[in-house]
Amino acid sequence: MSASTSRASMLNKFRRHPRVRIPTPIACELAWHDEQRWFGKSVHGPGVVYDLSLRGMRVSTEAPIKPGDQVSLLIRLPRQAAPAEIAVATVRWAKDQIYGLAFQRLSSTSHGRLRRYMTVFSKGIR
288 MSASTSRASM LNKFRRHPRV RIPTPIACEL AWHDEQRWFG KSVHGPGVVY
338 DLSLRGMRVS TEAPIKPGDQ VSLLIRLPRQ AAPAEIAVAT VRWAKDQIYG
388 LAFQRLSSTS HGRLRRYMTV FSKGIR
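Going by my numbering, the first residue of the sequence shown is number 288, and it counts up by one from there.
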């Protein structure tokens, strides 16, 4: 285990909502919170989710977002028929094209989808 992996695992123990590192990156779609029209286009861009918790995620995207922006997301979780919809997430930090997003509002259905997915993979590397 590398020093950075060990440090990340140690820090994860102190999180209220532990993060799960995604074994295979997951696709998502981002849109400005005010322009949530998935089928009417207005999507800002695709993204790739690298880790996930019940309250946020780390995503890579070329979408023009910055800290403080509010976005809406569709996360296409493996083995689930419908995507998880995050109605509002706030961009907390940015480094290059990697962003930390904090979920502000999601439905109980989407929360359940995230929880089921995370339960399956929480046994892996965190």
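Glycine included, every Cβ here is placed at the ideal spot set by N, Cα and C.
For clarity, every value in this text was computed on a predicted model and none was experimentally measured.
**Item:** Inter-residue Cα distance where the pair is Ser340 and Glu349
**Value:** Using only the alpha carbons, I get a separation of about 22 Å.
query = Where His398 and Met344 are concerned, what is the direct C-alpha to C-alpha distance, given to the nearest angstrom?
reply = Straight-line measurement puts the Cα of Met344 at about 13 Å from the Cα of His398.
| Can you tell me whether DSSP reads Leu401 as helix, strand or coil? | In the structure shown, Leu401 sits in a helix (DSSP, three-state: H, G or I).
| said: Along the chain, where does the beta strand (DSSP E) containing Ala369 start, and where does it finish? | reply: Note, Ala369: premise wrong, no beta strand (DSSP E); not H, not E.
key: Simplified DSSP assignment, three categories, for Ser347   = Looking at Ser347 - three-state DSSP - the assignment turns out to be strand.
Task: Sequence-distant residues of its chain with Cβ nearer than 7 Å to His320 (five each side left out) - done: Leaving aside the five residues that flank His320 on each side, the residues in its chain whose CB is nearer than 7 Å to its CB run, in chain order, Gln357, Val358, Ser359 and Val375.
Can you tell me whether DSSP reads Ser394 as helix, strand or coil?
Coil, per DSSP.
Review point. According to DSSP, what are the bridge partners of Ala382?
Key: The question names Ala, but residue 382 in the sequence shown is Lys. DSSP lists Ile385 as partners of Lys382.
Tell me where the beta strand (DSSP E) around Arg308 begins and ends. Note, Arg308: beta strand (DSSP E), Val307 to Trp319.
* For Ile385, which residues of its own chain have a beta-carbon under 6 Å away from its beta-carbon, when the five flanking residues on both sides are left out? -> Once the five neighbours on either side are set aside, the close Cβ partners of Ile385 are Ser347.
Judging by CA-CA distance, which residue of Gly355, Ile373 and Leu317 is the nearest neighbour of Ser394? Minimum Cα distance to Ser394 is reached at Ile373.
Beta-carbon separation of Arg392 and Pro354 under 8 Å? No. Outside cutoff.
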